[in-house]
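Numbering (mature numbering (1 follows the signal peptide of the UniProt record, and there is no 0)), first residue to last: -30 to -1, 1 to 294.
Every residue, glycine too, gets a C-beta built ideally from N, C-alpha and C.
Note that the coordinates shown come from a computational prediction; the quantities given were computed from them, not determined experimentally.
The structure under discussion appears below in the form of structure tokens.
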């Protein structure tokens, strides 16, 4: 018996819409390729690399910032550079949403875009620059590199109302994190690997104050005591502390810390707290190569989230504003 005879009309409609949506996603992903600019802008990737490395050489914290910026882009309405748009008469920016107010690196992406506009105007999207910048930031800090799939186009709108429900907070519980990543098609292993980006950079006091000033059994007492000297119970909100002992180097010390109950943020330590991700954290703490390989694979997978391709969206002339 034909499938449509087995389903009610409403169920058949849902099934057809699901198939159409899945097919559309597959077509979008199929249009991304690692050699997308081979003919239209063959010097695109070297130009981005030069620009990104110069920025990181001036400010080593920029490695963490650029990886985070790509993550914050892809998790809100897909990898479309919507998080780079400034406020305007027609656009309410995502930058003002709480999870985004501390993001950095926008000016670095703007500078890379400006350079590209001099060699191949209106060709390379801001969304692709973000993806390549994240890869180059990882490699420059001693982490893995990977072939970035390209061909994304830029959104003409921002989605501030979607930020809060699609980005994790520093105090999220493990199941909340797992569920959030699952909605994006990312596994717990992908989640732990991507969390490993916290091997780079610094975090402000307000993001871990509660963890170190409460009766928390899941923190090393000596570690908490040392942090309290840097982060008092009141004040010092913007004081910065390294995510691990080598904040400018991409390594697996982040996972070593977590196993020792020295995760800085609550969302770090919940990865090793008696839950389903404990074994993954332990594996990465013992095998830097396994972590690096999984991080690269997860970044590629994340970069496939709902890209705009073909005639959708646009290639912005500047990353902070839609084309007029």
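message: So, for residue 287: in the same chain, excluding its five sequence neighbours on each side, which residues have a beta-carbon less than 8 Å away from its beta-carbon?
response: Excluding positions up to five away in sequence, the list reads 87, 91, 92, 293.
Among 69, 97, 68, nearest to residue 82 - alpha-carbon criterion: Ranking 69, 97, 68 by Cα distance to residue 82 puts 97 first.
query: What is the DSSP secondary structure of residue 89, counted as helix, strand or coil?
result: DSSP places residue 89 in helix when its eight states are reduced to three.
- request: Measure from the alpha carbon of residue 282 to the alpha carbon of each residue in 126, 206, 259, 203, then state which is nearest.
  value: The shortest Cα separation from residue 282 among 126, 206, 259, 203 belongs to 126.
query: Would you call the CB atoms of residue 116 and residue 212 closer than 9 Å?
result: For the 9 Å CB-CB criterion, residue 116 and residue 212 do not form a contact.
- request: Please report the residue range of the beta strand (DSSP E) in which residue 304 lies.
  value: An answer regarding residue 304 cannot be provided, because it is not within the stretch -30 to 294 covered by the chain.
- prompt: How about residue 39 and residue 106: do their beta carbons lie closer than 9 Å?
  reply: In this structure, residue 39 lies away from residue 106, with their beta-carbon atoms at least 9 Å apart.
field: For residue 108, the nearest candidate out of 138, 220, 235 (CA to CA)
entry: Looking at the Cα atoms, 220 is the closest of the given residues.
query: Quick one: what does DSSP say residue -22 is sitting in, helix, strand or coil?
result: For residue -22, the pLDDT reaches just 42, beneath the cut-off of 50, and the residue's location in the model is therefore unreliable, although a value from the coordinates is still provided. Secondary structure of residue -22 (DSSP, three-state): helix.
- prompt: Would DSSP call residue 288 helix, strand or coil?
  reply: Residue 288 sits in a strand when the DSSP states are folded into three classes.
task: Please look up how many angstroms separate the CB atoms of residue 110 and residue 26, rounded, as I've assumed it's under 8 Å.
output: Yes, residue 110 and residue 26 are in contact; Cβ-Cβ is about 5 Å, under 8 Å.
message: Which residues does DSSP list as the beta-bridge partners of residue 130?
response: According to DSSP, which records beta bridges pairwise, residue 130 is partnered with nothing at all.
- prompt: Hey, is the region 183 to 203 in contact with the region 9 to 20, meaning 3+ C-beta pairs nearer than 8 Å?
  reply: Two segments are said to touch when three or more pairs of C-beta atoms, one from each, lie closer than 8 Å; by this definition the region 183 to 203 does not touch the region 9 to 20.
message: Any beta carbon of chain E sitting closer than 9 Å to that of residue 2?
response: No chain E is present in this structure, which holds just one protein chain.
- prompt: Can the beta-carbon of residue 11 be found closer than 9 Å to that of residue 79?
  reply: Not in contact: residue 11 and residue 79 (Cβ atoms no closer than 9 Å).
task: Would you list the residues sitting across from residue 260 in a DSSP beta bridge?
output: Under DSSP, no beta-bridge partner is assigned to residue 260.
message: Assuming contact is defined by CB atoms lying nearer than 9 Å, are residue 144 and residue 233 in contact in what I supplied?
response: No, these two residues do not count as a Cβ contact at 9 Å.
task: Just confirm the distance between the C-beta atoms of residue 148 and residue 158, as a whole number of angstroms; I'd bet it's less than 8 Å.
output: About 6 Å; that satisfies the 8 Å criterion.
task: Report back the beta-carbon spacing between residue 251 and residue 118 to the nearest angstrom; my notes put them in contact at under 8 Å.
output: Their Cβ separation, rounded to whole angstroms, is 27 Å, which puts residue 251 and residue 118 out of contact at 8 Å.
Length at least 3, wholly inside the region 165 to 205: the beta strand (DSSP E) runs in chain order: Note on the region 165 to 205: whole beta strand (DSSP E) runs with a minimum of 3 residues are 172 to 174, in chain order.
message: Under DSSP, the alpha helix (DSSP H) around residue 150 begins and ends at which residues?
response: Counting along the chain, residue 150 sits inside the alpha helix (DSSP H) bounded by residues 144 to 153.
field: For residue 77, the nearest candidate out of 56, 196, 156 (CA to CA)
entry: Answer by Cα proximity: 56.
- prompt: What are the start and end residues of the beta strand (DSSP E) that includes residue 212?
  reply: Bounds of the beta strand (DSSP E) holding residue 212 are 210 to 212.
- request: Indicate the three-state DSSP secondary structure (helix, strand or coil) for residue 39 in the structure shown.
  value: Three-state DSSP puts residue 39 in a helix.
task: Work out the CA separation of residue 289 and residue 247 for me, nearest whole Å.
output: Looking at the two C-alpha atoms, the distance is approximately 37 Å.
- prompt: Under the rule that 16 or more other beta-carbon atoms within 10 Å means buried, what is residue 222, buried or exposed?
  reply: By the neighbour-count rule (16 or more Cβ atoms within 10 Å), residue 222 is buried.
field: residue 64 to residue 74 span [Cα, whole Å]
entry: C-alpha separation (whole angstroms): 13 Å.
query: What residue range is occupied by the uninterrupted alpha helix (DSSP H) comprising residue 1?
result: Where residue 1 is concerned, there is no enclosing alpha helix (DSSP H), because DSSP gives it neither an H nor an E.
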